[in-house]
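Residue numbers (the working numbering): 5 to 323.
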Amino acid sequence: MSAILSTPPMANRERRSFYASPVDRKAALRDALNKATDLQHHADPEALDNLTEMVERVDEIHHDWENAATEERIENSDQVLIDSEVMTLSSNIIQSCMNSMSKEMSQYKRSDFVKKIISFAIGLADEPHDEPNWKLLEPNILCLFKNTPQVSMLLSSINPVAKPEATRRNETAVAQRRLNREKEAKVTLKKPDTVTVLEKEDTTVEQTVTQLAKKIRMIYNDTGKQPMNYFKLVLNPHDFGKTIENILHTAFLVRDGRLRMLRVEGEADLCVMPTSNREKEEAENKGINVNIQNMISINYEQWEQLIQHYNITEPTIDF
5 MSAILSTPPM ANRERRSFYA SPVDRKAALR DALNKATDLQ HHADPEALDN
55 LTEMVERVDE IHHDWENAAT EERIENSDQV LIDSEVMTLS SNIIQSCMNS
105 MSKEMSQYKR SDFVKKIISF AIGLADEPHD EPNWKLLEPN ILCLFKNTPQ
155 VSMLLSSINP VAKPEATRRN ETAVAQRRLN REKEAKVTLK KPDTVTVLEK
205 EDTTVEQTVT QLAKKIRMIY NDTGKQPMNY FKLVLNPHDF GKTIENILHT
255 AFLVRDGRLR MLRVEGEADL CVMPTSNREK EEAENKGINV NIQNMISINY
305 EQWEQLIQHY NITEPTIDF
């Protein structure tokens, strides 16, 4: 404000006033402010022309006020406030006009585009027609797409070798092989086992499991009641099938709560040890479900690797 109110040099004091008095300047500024307010409510491209004339008039008023005497400028300092309001509204009007012009430029009407396409297609024909001939658009449209180049394939370029006819001897050999396969495919029918036999087999499995439990408890007592290595117990180095049976029977013992699987602190191997009736009762009282069957998956290659890893030469379970 001090720069605006400072006394201009004497050379600039010589001026030609556009207005007779400060009252006339204020009236002109308020008229410009009213016009700017009206243009703000009707912002369109035509408003820019009116805004240009109004800004030029405000520049004249401001130039006249700058060349006025210092006392006059101090007494009429409110003109600066009116002038700033006019400039703020002018900036808003320009922004609104730019937004309006951007919207008009980005508008796209499909109906107008369709009309132009139809008019263009009708004009391609040598003779005017009411309906467009769309085939005439083909040369103009196809050039806009990237076509895949045609490639000549070498299909059927090599003559197939004729299949030699089978001799009588070959036909006889083929028939004989077919007959042998049919004989091998025949399965001897066997009468299903009776229920009594199945019960006898179940009793045998139960006896084997009981015998295994006694064997494990005996080893447990002989080794000072120390946990036994699980794989050294179930692995049979001579028979992969017996190893699978030992794994299943051991799983039955774990399910019935007669055997417990654990890991000894400081060792990575899986161990087993028999459980007492007191331990089973305590687990049941605590709500711990001991009837969980642990099943170990093992294939032939893993069986060989485990035997070599634990250096097993004789089976622990030999029945």
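Cβ atoms here follow ideal geometry from the backbone N, Cα and C, with glycine treated the same way.
For residue i and residue j, which I take to be in contact (beta-carbon distance under 8 Å), what is that distance rounded to the nearest angstrom?
| i | j | result |
| --- | --- | --- |
| ILE65 | LEU33 | 6 Å |
| LYS236 | ILE300 | The Cβ separation is near 14 Å, so there is no contact. |
| MET265 | LEU274 | 6 Å |
| PRO319 | PRO241 | 6 Å |
When you compare only the Cα positions, how much space is there between residue i and residue j?
| i | j | result |
| --- | --- | --- |
| GLU288 | ARG259 | 14 Å |
| THR279 | GLN306 | 29 Å |
| ARG3 | GLU210 | Only positions 5 to 323 of the chain appear in the structure, and residue 3 is not among them; the question remains open. |
| ASP226 | ASN233 | 14 Å |
| VAL199 | THR212 | Because the pLDDT of VAL199 is 46, which lies under 50, any placement of that residue in the model is unreliable, and the question is left without a value. |
| LEU37 | ILE126 | 55 Å |
| GLY228 | ARG185 | 60 Å |
| THR208 | THR214 | 10 Å |
| ILE223 | ASN298 | 21 Å |
| PHE117 | SER25 | 60 Å |
| GLN83 | ALA73 | 14 Å |
| ARG326 | LYS246 | Because the chain is modelled from 5 through 323, residue 326 falls outside the range shown and cannot be assessed. |
| VAL201 | PHE323 | Since pLDDT at VAL201 reaches only 44, below the 50 mark, its modelled position is unreliable, and the value read off the structure follows with that caveat. So the two alpha carbons sit approximately 21 Å from each other. |
| GLU131 | PHE124 | 13 Å |
| ASN250 | THR176 | 51 Å |
| GLU285 | ILE220 | 21 Å |
| GLU75 | HIS67 | 16 Å |
| LYS119 | PRO143 | 20 Å |
| ASN71 | ASP53 | 28 Å |
| ARG282 | LYS218 | 18 Å |
| ALA7 | SER81 | Residue placement at ALA7 is flagged as unreliable, the pLDDT there being 36, under the threshold of 50; the coordinate-derived value follows with that caveat. Taking the straight line joining both Cα atoms gives about 13 Å. |
| TRP138 | LEU146 | 13 Å |
| VAL27 | MET102 | 35 Å |
| VAL59 | ASP35 | 12 Å |
| PRO136 | HIS46 | 43 Å |
Which residue marks the beginning of the beta strand (DSSP E) containing residue i, and which one marks its end?
| i | result |
| --- | --- |
| LEU274 | 274–278 |
| MET265 | 263–267 |
Find out if the Cβ-Cβ distance for the pair residue i, residue j is shorter than 9 Å.
| i | j | result |
| --- | --- | --- |
| THR254 | VAL276 | yes |
| LEU183 | LEU239 | no |
| VAL90 | ALA40 | yes |
| ALA51 | ILE122 | no |
| VAL62 | ASP87 | yes |
| LEU216 | ILE302 | no |
| SER94 | LEU55 | yes |
| LEU148 | LEU140 | no |
| PHE3 | TYR304 | The chain is shown only over 5 to 323; residue 3 falls outside these bounds and no answer can be derived. |
| TRP69 | ARG29 | yes |
| SER100 | GLN44 | yes |
Which partner residues of residue i appear in the DSSP bridge assignment?
| i | result |
| --- | --- |
| ASN233 | CYS275 |
Could you give the residue range of the alpha helix (DSSP H) that holds residue i?
| i | result |
| --- | --- |
| ALA125 | 114–128 |
| GLY245 | 244–259 |
| HIS66 | 51–70 |
| GLU31 | Note on residue identity: the sequence assigns Ala, not Glu, to residue 31. Element bounds for ALA31: 26–45. |
| TRP307 | 304–314 |
| LEU146 | 142–146 |
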